[in-house]
Amino acid sequence: MDHRPYEDYLLDDQRLTPAQEQDLQNHLRTCPDCAALAHANLALRAAPVAAPTKGFSQRFQTRLAAERQLQHRRAQIGSLLLALAGASLLAWLLHPYLGYLALPPETLFTLWFNHAIYLVLLFRTAGSIALTLIHVAGALVPAYALISFLTLLAGLGVLLNFSVRRNEQFSQTAI
Amino acid sequence: MNEELAWILQAQQGDDEAFTRLVEKYQTPVFNLCYRMLGEPEAAEDATQESFLRAYQNISRYDRQRPFATWLLSIAAHYSIDRLRRRRFTLFSLDAEREDDDRPTELPDHDAPNPEQETIRHEEQARLQAALKSLEPTDRAAIVLRYWYDFSEVEIAESLNLTVSAIKSRLHRARKAIARQLTENAPETRLERMPYGSPAL
Chain D
335 MDHRPYEDYL LDDQRLTPAQ EQDLQNHLRT CPDCAALAHA NLALRAAPVA
385 APTKGFSQRF QTRLAAERQL QHRRAQIGSL LLALAGASLL AWLLHPYLGY
435 LALPPETLFT LWFNHAIYLV LLFRTAGSIA LTLIHVAGAL VPAYALISFL
485 TLLAGLGVLL NFSVRRNEQF SQTAI
Chain G
2 MNEELAWILQ AQQGDDEAFT RLVEKYQTPV FNLCYRMLGE PEAAEDATQE
52 SFLRAYQNIS RYDRQRPFAT WLLSIAAHYS IDRLRRRRFT LFSLDAERED
102 DDRPTELPDH DAPNPEQETI RHEEQARLQA ALKSLEPTDR AAIVLRYWYD
152 FSEVEIAESL NLTVSAIKSR LHRARKAIAR QLTENAPETR LERMPYGSPA
202 L
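Top line first, the protein sequences correspond to chains D and G. All you need for this note's numbering is the position in the first sequence, starting with 1, plus 334. All you need for this note's numbering is the position in the second sequence, starting with 1, plus 1.
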């Protein structure tokens with residue numbers, strides 16, 4: 335059986351003209367599928383509205399208060415845990431230096447002075463090693479390879495510059 | 002400025018009294034949605050409270066260009082859908098075995114049917130609720146928003162974050178499924194079509 339346009343009338347919940355309504359009623363008398371659909375529509379439209387039992391608002395207020403208390407407690411525990419973690423981290427970071435606090439000031443000054451001299455010497459040694467390596471590399475690598483490498487670097491620089499300019503031009507056009 | 006908008010503005014500024022007025026105004030529509038979605042009064046009560054709680058926590062984000070009822074019902078629909086999906090993972094629910102007498106308060110019918118008609122009406126309602134329960138959660142939400150709140154397909158699509166064509170096809174599929182369910186062993190009943198409009202709002 336052809337259900338069109340009756341199925342559409344029912345499924346689209348259309349407002350029908352009296353002629354369409356009459357046509358639909360005639361079809362419903364002979365078509366059980368469309369009649370079931372019409373019945374479902376009516377059942378859904380006739381369904382009552384369910385309401386909560388009395389005092390819902392008060393029960394919600396109680397739940398809201400409980401939720402707030404829970405949030406407050408969670409915030410307190412969170413803050414406590416954060417403070418504990420911060421204190422632990424600080425203690426861990428300062429642990430190697432805590433012993434220094436017990437030393438007399440002149441010993442402490444001597445120690446810091448020694449550390450400063452050590453650092454200066456370390457940087458000077460590292461500089462000497464780097465210079466030696468550059469000299470050795472200069473002797474090992476042929477001049478033409480060095481020139482080729484520098485030319486390649488310059489080419490890449492030009493390419494990058496060109497690409498950035500093109501990208502800027504494209505962005506301006508898009509806006 | 003209307004009364005509801007004033008309550009919303011006050012609630013957005015942290016006025017609990019104003020939010021309570023909104024709860025009082027919308028408790029029935031939200032409960033009805035949750036009940037039609039979840040099928041059990043206790044679950045519906047809990048879901049209604051949770052929906053209002055979420056609305057309370059997010060009221061500052063409410064866009065005043067949108068109707069408050071749509072926003073609130075959208076929260077309740079999403080929560081109910083999530084809850085139904087979570088429920089699928091439980092092995093079985095004791096609640097599902099409850100008798101249908103465990104019905105919530107229904108708003109008074111001014112047509113005051115006689116006892117026989119009332120019994121038939123209750124049976125019809127139980128069958129309808131069972132048919133709703135057989136639907137996929139999103140289809141169920143679309144049907145509830147369409148028939149109890151008279152939402153247009155566009156409003157349902159916005160509320161459920163779906164396209165209008167998806168809602169159209171879900172509504173078609175769901176109505177056919179409900180028709181099939183109601184036809185099975187259904188006694189002959191005569192139902193009066195309610196006027197167009199939203200019975201729940």
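Think of the CB as a built atom: it goes at the ideal place given N, C-alpha and C, for glycine as much as any other residue.
So with CB distances below 9 Å, who are the chain D contacts of residue i?
| i | result |
| --- | --- |
| Q50 of chain G | F390, R393, F394, R397, L398 |
| E46 of chain G | P386, T387, F390, R393 |
Check for me: the alpha helix (DSSP H) holding residue i runs from which residue to which?
| i | result |
| --- | --- |
| Q348 of chain D | No alpha helix (DSSP H) holds Q348 of chain D; DSSP gives it neither H nor E. |
| H373 of chain D | 366-380 |
| H79 of chain G | 69-89 |
| N59 of chain G | 42-59 |
| T120 of chain G | 116-134 |
| Y27 of chain G | 17-39 |
| V165 of chain G | 165-184 |
| H337 of chain D | Unbroken run through H337 of chain D: none, as it is neither H nor E. |
| Y452 of chain D | 439-474 |
| E401 of chain D | 390-428 |
Which residues in chain G have a C-beta closer than 8 Å to the C-beta of residue i? List them in chain order.
| i | result |
| --- | --- |
| E401 of chain D | L54 |
| A464 of chain D | Per Cβ cutoff of 8 Å: no residues; A464 of chain D is ~58 Å from chain G at best. |
Who are the neighbours of residue i on chain D, taking C-beta pairs under 7 Å?
| i | result |
| --- | --- |
| I121 of chain G | Near I121 of chain G there are no residues of chain D at all, since even the closest Cβ is about 11 Å away, more than 7 Å. |
Give every residue of the same chain whose Cβ lies closer than 8 Å to the Cβ of residue i, excluding the five residues on either side of it in the sequence, and list them in chain order.
| i | result |
| --- | --- |
| L437 of chain D | L445 |
| A48 of chain G | C35, M38, L39, A77, Y80, S81, R84 |
| L345 of chain D | L371 |
| A167 of chain G | A158 |
| E5 of chain G | L23, K26, F69 |
| I9 of chain G | A19, L23, I60, Y63, R65, F69 |
| V155 of chain G | V165 |
When you compare each of the options to residue i by their alpha carbons, which one comes out closest?
| i | options | result |
| --- | --- | --- |
| S81 of chain G | G:R55, G:I168, G:T120, G:R122 | G:R55 |
| R393 of chain D | G:E51, G:L161, G:E154, G:P68 | G:E51 |
| A381 of chain D | G:P42, G:Q58, G:I144 | G:I144 |
| N162 of chain G | G:Y63, G:W72, G:A45, G:R88 | G:W72 |
| Q14 of chain G | G:I60, G:V24, G:A178, G:R65 | G:I60 |
| E341 of chain D | G:R174, G:T184, G:E185 | G:R174 |
What does residue i touch in chain D if you count any residue whose Cβ is under 8 Å from its own?
| i | result |
| --- | --- |
| L183 of chain G | A370, H373, A374, A377 |
| L161 of chain G | By Cβ distance, chain D contributes nothing, its closest Cβ being about 18 Å from L161 of chain G, past 8 Å. |
| F32 of chain G | A384, A385, P386, F390 |
| L129 of chain G | A377, L378, A381 |
| E25 of chain G | S391 |
| W149 of chain G | A381, V383 |
| Q126 of chain G | A381, P382 |
| Y57 of chain G | L398 |
| Q11 of chain G | Result: empty, since nearest Cβ-Cβ is about 16 Å, beyond 8 Å. |
Tell me whether residue i, by its Cβ, gets closer than 8 Å to a heavy atom of the ligand HEM.
| i | result |
| --- | --- |
| L493 of chain D | The ligand HEM is absent from the structure shown, which contains no ligands of any kind. |
Run down chain G in chain order and give the residues with a C-beta less than 7 Å from the C-beta of residue i.
| i | result |
| --- | --- |
| L345 of chain D | H173, R176 |
What is the DSSP secondary structure of residue i, reduced to helix, strand or coil?
| i | result |
| --- | --- |
| A97 of chain G | Bear in mind that the predicted position of A97 of chain G carries a pLDDT of just 47, short of 50, making it unreliable; the figure below should be weighed with that in mind. In this structure, A97 of chain G counts as helix in the three-state DSSP scheme. |
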